[in-house]
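Q: When you number the sequence shown by the working numbering, it's gap-free, plus one each residue, and the end is 292.
Glycine included, every Cβ here is placed at the ideal spot set by N, Cα and C.
I have a structure here, written as structure tokens, and I will follow up with some questions on it.
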Amino acid sequence: MVRLVEVSALIREAVPPELAAVFAVITAFGGATGLVFLLSVLYWVGDRRPTALVVSFTLTALAVTLALKAGLGLPRPPASVQFVAHDADPYGFPSGHAVASVVVYGGLVLATERFRSWRGVAAATAIALLIGLSRVVIGVHYLGDVLVGFGVGLALLLVMWRVTRGDPRRGFAIAAVASLPALAVVGVGAETLVALGGSLGGVLGSYKLDDLPSPGSRLERGVLAVVGVGFVVALQTGQELLLDGLVTGFVGTAAVHVLANLVLVAGILLLPLATEWQWRTALPART
């Protein structure tokens, strides 16, 4: 299987350490934390239904990628060449960041009318290429991992776009089903439970999408984004506290992961309802 090990070494050697540090920042735009905040804010301040659809694509891609990586079992580059140490999982093929970059940024172009232009395509392509290159530069993937990741991401995106027909509920249901093979292949772990819990939260939250108010004024959208980011940070902090000694045992830990991610995705989707109620309470005369 071609992973382009020698070419990857040439790329790493050609990039000075100062520039490698820049690529270490770029890579965050394809990681879980960066994508959670990006998609959440876009959902709160912009086109909600299309963004929710892309979230469902992302969770499906996570489940499929986890199963592929564990099933193939191909290791990452050795720690000696890694600019940033990677402890999450030992498998490197295909690149999850490459898959996610195509699914998320390409999905936003497909699903969101304001991004559906040659500029949107160019921007999404550039972002995905930079994220993919960053994975090689910082030494956590070979070039072959990234190229195959791009292919897997594109295939997933096109299949999900066709199968869901623009319905986020269908997308989240597919993500929930896809998480089951991931659990079977990978086992019960933090990432597989993110896929399961997040997709279940998406199924629950997406049933209220049609009842959500349209984004209001800039002030309302700004307040919603600030409150939402606070919600995400508070929930993730609470999860870490629970797992840091308060909850022990296999079942308890698994339950915390599933419930926290269920609440996270459902909360992100339903937060506009709560803030709309607050605005109506504070400004009863608003029309």
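(1) Keeping to the same chain, check which residues put their C-beta closer than 6 Å to that of T292; ignore five residues upstream and five downstream.
(2) Mind checking who Y96 pairs with in its DSSP beta bridge?
(3) In angstroms, rounded to a whole number, what distance separates the CA positions of A290 and F42?
(4) Apply the 10 Å Cβ neighbour rule to L246 and answer buried if 16 or more other Cβ atoms are within range, or exposed otherwise.
(5) Skipping 5 residues on each side, what residues in its chain have a beta carbon closer than 6 Å to that of G137?
(6) Hey, could you find the ends of the alpha helix (DSSP H) S204 is sitting in?
(7) If you reduce the DSSP assignment to three classes, tell me which class D150 lands in.
(8) L217 by DSSP, collapsed to three states: which one?
(9) Using CA coordinates, which residue listed in F177, P218 and N266 is at the minimum distance from G243?
(10) Do you know how far the Cα of L15 is from the Cα of R53?
(11) With contact counted as at least three CB pairs below 8 Å, one residue from each stretch, are the segment 196 to 208 and the segment 261 to 275 in contact?
(12) What does a CB cutoff of less than 7 Å around L58 pick up in its chain, not counting 5 residues either side in sequence?
(13) With distances taken from CA atoms, which of F236, S139, G156 and V261 is nearest S13?
(14) At what residues does the alpha helix (DSSP H) containing I143 begin and finish?
(15) Taking only three categories from DSSP, how would you classify Q87?
(16) With S13 as the anchor, note down where its alpha helix (DSSP H) starts and where it stops.
(17) Excluding sequence positions up to five away, which residues of its chain have a Cβ less than 7 Å from the Cβ of Y212?
(18) Assuming A180 and G207 are in contact, meaning their beta carbons sit under 8 Å apart, how far apart are those beta carbons, in whole angstroms?
(19) Taking contact to mean 3 or more Cβ pairs, one atom from each stretch, closer than 8 Å, check whether the segment 120 to 134 and the segment 58 to 75 are in contact.
(20) Assign T38 to one of two classes, buried (16 or more other C-beta atoms within 10 Å of its C-beta) or exposed (fewer than that).
(21) If you compare alpha carbons, which of V141, P55 and G36 is closest to D215?
(22) If we count the other Cβ atoms within 10 Å of its Cβ and call it buried at 16 or more, is S222 buried or exposed?
(23) My understanding is that G125 touches V114, with C-beta atoms under 8 Å, so please give their C-beta distance in whole angstroms.
(24) By Cβ distance below 6 Å, which residues in the same chain neighbour L276 in space, the five residues on each side in sequence not counted?
(25) Measuring alpha carbon to alpha carbon, tell me which residue in F255, V145, V182 and V30 is nearest L64.
(26) Taking the alpha carbon of L159 as the point to measure from, which residue in G111, W49 and E196 has its own alpha carbon closest?
(27) So, is S219 buried or exposed, given that buried needs 16 or more other C-beta atoms within 10 angstroms?
(28) Measure how close the beta-carbons of L148 and L24 come, nearest whole angstrom, since I'm counting them as under 8 Å.
A: Here's the rundown:
(1) Because T292 sits at a pLDDT of 45, beneath the cut-off of 50, its placement in the model cannot be relied upon, and the following sentence gives the value as read from the coordinates. Excluding residues within five positions, none has a Cβ falling inside 6 Å.
(2) P80
(3) The pLDDT assigned to A290 is 47, lower than 50, so where the model puts this residue is not dependable; a value taken from the coordinates is nonetheless given after this. Computed Cα separation, rounded: 33 Å.
(4) exposed
(5) A103 and V151
(6) A195 to S211
(7) helix
(8) coil
(9) N266
(10) 43 Å
(11) yes
(12) A116, T169, G171, P173 and G176
(13) S139
(14) From DSSP, I143 is part of no alpha helix (DSSP H); its letter is neither H nor E.
(15) coil
(16) V10 to A19
(17) R174
(18) 7 Å
(19) no
(20) exposed
(21) P55
(22) exposed
(23) 5 Å
(24) G233
(25) V182
(26) G111
(27) exposed
(28) In fact, because the Cβ distance is near 17 Å, the residues do not count as touching under 8 Å.
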